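Here numbering that gives the first Met the number 0 is used: the first residue of the sequence shown is 0, the next is one more, and so on. Backbone N, C-alpha and C fix where the C-beta goes; we use that ideal spot for every residue, glycine too. These numbers come from a predicted model, not from an experiment. This report refers to the structure that appears directly beneath it.
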Amino acid sequence: MRAWQVYKTSSLDIKLCWISAFLRLGSYGVTNQVLTLFLKEIGISEKEMGWFMSLTLVGDVCISYLLTWHADEWGRRRILTYGAVMMVLSGIVFTWSENFYILLVFAIFGVISPSSDEVGPFKSIEESMMAHLTPHNRRPEIYAIHSLVSISGSALGSVFCGWFVQILQDRRVFDTQLQCYKAVFAVYTVLAIGKLISIVFLSDAAELDAHHHEEPDVQQVLDENMPLVEQNDRKKSRLAPETFSVMIKLLIIFMLDSFGYGFMTSAWTVFYYSVVFGLGPAALGLLFFVAKIVMALSSLPSSTIARMFGPVKATLMVQVPSAIFFMLVPYAEGHLSLSLLFFNLYNLTTAMDVTPRQILLTNIIKPSDLTRVMGVVNIGKTFARCIGPVFTGLLADRGLLWCCYLISGTFVLLADFVLAVLFYDIDSHVLKTTNS
0 MRAWQVYKTS SLDIKLCWIS AFLRLGSYGV TNQVLTLFLK EIGISEKEMG WFMSLTLVGD
60 VCISYLLTWH ADEWGRRRIL TYGAVMMVLS GIVFTWSENF YILLVFAIFG VISPSSDEVG
120 PFKSIEESMM AHLTPHNRRP EIYAIHSLVS ISGSALGSVF CGWFVQILQD RRVFDTQLQC
180 YKAVFAVYTV LAIGKLISIV FLSDAAELDA HHHEEPDVQQ VLDENMPLVE QNDRKKSRLA
240 PETFSVMIKL LIIFMLDSFG YGFMTSAWTV FYYSVVFGLG PAALGLLFFV AKIVMALSSL
300 PSSTIARMFG PVKATLMVQV PSAIFFMLVP YAEGHLSLSL LFFNLYNLTT AMDVTPRQIL
360 LTNIIKPSDL TRVMGVVNIG KTFARCIGPV FTGLLADRGL LWCCYLISGT FVLLADFVLA
420 VLFYDIDSHV LKTTNS
């Protein structure tokens with residue numbers, strides 16, 4: 000299997016990136032199961048939860064913008080280390096504090112994921128590292144493995160959290176539910192320390208200046224006659240004009256997608272199944288474990304689909320049915336098995352667009368601009384995602400949480416339409432480099 004061969008021959012730095020992603024998403028999976036339940040336990044209303052999640056994401060946007068924009072200048076390892084330290088501090092605060100404003104400050108300036116998805120500067124920097132350390136024809140498998148280990152970490156975090164809380168409750172280790180949830184944040188802290196250790200072992204090759212130059216025949220696919228960027232151009236603080244134009248198009252697409260997703264994040268999905276179907280901690284943990292495993296298994300075939308059809312067509316092939324399945328979930332409100340079927344069909348298809356999108360980004364952006372562009376795009380996605388939870392909280396307060404599934408799916412379909420209009424003819428150019 001090609002992915003296995005790529006895994007065996009990958010450098011230590013790339014494998015450390017995978018370990019770091021596994022621990023990070025594992026920690027997000029752990030806290031995702033209890034975040035809304037924890038906030039409810041300390042007396043926070045659904046409306047306030049919405050604001051809490053939105054403000055957390057706003058803080059992430061501001062901090063991540065600064066860190067990713069200057070990551071190549073200040074040092075990638077230094078930025079990743081800072082982020083890991085902030086994860087540790089956030090875990091400690093959530094373990095000990097019940098003050099809403101203190102929690103909010105550390106959620107904003109630290110690293111707490113309200114959706115079990117990526118927050119902070121980590122993803123952009125890691126993806127840029129892997130792009131620079133990997134030739135074009137190996138990137139589909141590299142990114143597929145990265146997606147696989149990330150989702151697997153999230154899956155294991157979810158099921159661990161569910162059973163961990165259930166065991167604490169059954170054996171009456173703590174007197175209250177709140178203490179059980181705080182114990183989960185202690186686990187988050189331990190995982191964050193593990194992530195910090197993995198970052199410490201990254202070599203100098205992880206930095207931009209240490210990377211090998213791109214192959215002479217690799218040109219930006221939007222203009223095959225464009226010269227390669229010289230080493231001294233990498234120090235410029237501005238993006239190239241052609242890069243800026245592409246980035247704006249990408250932002251429109253990804254922000255529409257994330258705006259829709261923000262209406263029904265994983266944390267709100269936990270809340271939905273807890274309230275509508277009365278699922279307990281172990282059942283919720285198992286639910287999200289299965290969902291994440293389904294997502295993880297679908298990430299490897301995504302590299303094959305990207306190689307066969309190109310990143311844009313591959314994205315459309317999986318995103319359109321994914322959005323439809325998600326919109327069908329609330330229509331099965333009285334039938335748990337049917338609801339879970341739609342939910343897992345959504346999870347089966349939603350992760351299959353990760354590798355194609357990464358391939359698209361890394362093939363149409365200059366190497367010297369890649370970290371900044373990926374940072375801006377991920378920040379744009381987070382910013383768009385932070386708007387939805389406010390309205391989700393208001394709708395949930397009125398018993399209309401189910402509407403958020405429909406809103407979310409509609410915006411994902413709109414993003415797919417814009418992607419098709421702006422980039423549909425790019426596939427043939429990208430396939431020349433990825434299949435060479």
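Expressed to the nearest angstrom, what Euclidean distance is found between the alpha-carbon atoms of residue i and residue j?
i, j, result
"Y404", "E241", "37 Å"
"V217", "L250", "Below a pLDDT of 50, predicted positions are generally treated as unreliable, and V217, at 40, falls in that range; the measurement from the model is reported next regardless. Distance between the alpha carbons of V217 and L250: 24 Å."
"V319", "F410", "11 Å"
"P508", "L238", "Residue 508 is absent from the model: the chain starts at 0 and stops at 435."
"F288", "G109", "26 Å"
"E214", "P134", "With a pLDDT of only 45 at E214, under the threshold of 50, the placement of this residue in the model should not be trusted; the figure read from the coordinates follows. Distance between the alpha carbons of E214 and P134 is about 8 Å."
"L418", "F308", "15 Å"
"R306", "H131", "20 Å"
"E206", "S127", "10 Å"
"A336", "F342", "A quick correction: the sequence has Ser, not Ala, at residue 336. So the two alpha carbons sit approximately 10 Å from each other."
"L344", "A290", "9 Å"
"T349", "T432", "25 Å"
"V5", "L430", "19 Å"
"L11", "T370", "20 Å"
"L340", "Q178", "33 Å"
"K39", "Y271", "14 Å"
"T268", "L315", "24 Å"
"T175", "L167", "10 Å"
"C402", "R1", "42 Å"
"F258", "A182", "32 Å"
"H428", "I141", "20 Å"
"Q357", "L399", "35 Å"
"L129", "L147", "It is Met, not Leu, that sits at residue 129 in the sequence shown. The straight-line gap from Cα to Cα measures roughly 15 Å."
"K7", "R138", "14 Å"
Round the Cβ separation of residue i and residue j to the nearest angstrom and send it over; I've been treating them as touching at under 8 Å.
i, j, result
"E125", "S19", "7 Å"
"K380", "M254", "6 Å"
"L299", "A143", "5 Å"
"Y64", "I378", "5 Å"
"V311", "L359", "7 Å"
"T188", "V57", "At roughly 24 Å, the Cβ-Cβ gap does not stay under 8 Å, so T188 and V57 are not in contact."
"T67", "G374", "3 Å"
Rank the options by C-alpha distance to the C-alpha of residue i and give the top, closest one.
i, options, result
"Q32", "M254, S153, N136", "S153"
"N136", "S302, W95, S298, T348", "S302"
"S244", "K39, L421, G161", "L421"
"S338", "I386, I13, A350, F325", "F325"
"E45", "D396, H428, P300", "D396"
"W17", "I150, L167, N98", "I150"
"H69", "T94, D368, I144, V429", "D368"
"F21", "A191, I91, V5, L340", "A191"
"I107", "L65, C61, R1, L296", "C61"
"G261", "V189, F276, G392", "G392"
"S89", "S257, Y27, G398, L430", "Y27"
"I440", "I43, V328, A313, P120", "With the chain covering 0 to 435 only, the question about residue 440 has no answer from this structure."
"K248", "A185, G408, L102, V372", "V372"
"T354", "F270, R1, I304", "I304"
"V158", "M246, G408, L283", "L283"
"Y485", "D59, S96, V275, F258", "The structure shown does not extend to residue 485, since the chain is modelled only from 0 to 435, so the question has no answer here."
"F93", "F184, D352, H334, M263", "F184"
"V293", "L155, K14, K7, E47", "L155"
"I91", "T30, V376, A322", "T30"
"V376", "V84, T35, P120", "P120"
"V317", "F105, L412, V199, G333", "L412"
"F200", "I13, F416, I406", "I13"
"F382", "I41, D59, M351, E47", "D59"
Within the continuous alpha helix (DSSP H) that includes residue i, where are the two ends?
i, result
"C179", "176-199"
"P366", "P366 -> no alpha helix (DSSP H), and no H or E assigned at all."
"L436", "The shown model of the chain, from 0 to 435, leaves out residue 436, and the question about it has no answer."
"T35", "34-40"
"H428", "426-433"
"Y64", "45-68"
"S96", "Careful: S96 lies outside any alpha helix (DSSP H) and carries neither H nor E."
"M254", "240-260"
"W162", "138-169"
"M128", "121-132"
"I13", "11-31"
"L337", "335-349"
"Y6", "1-8"
"A447", "Only positions 0 to 435 of the chain appear in the structure, and residue 447 is not among them; the question remains open."
"F440", "Residue 440 lies beyond the range of the chain shown here (0 to 435); nothing can be said about it."
"G392", "387-396"
"F270", "265-275"
contact_flag[the stretch 69-86, the stretch 156-167] where n(CB pairs < 8 Å) is 3 or more: no
Inter-stretch contact at 8 Å, needing at least 3 Cβ pairs: the stretch 80-88 / the stretch 189-196: yes
Segment contact, 8 Å Cβ cut-off, at least three pairs: the stretch 379-398 with the stretch 37-56: yes
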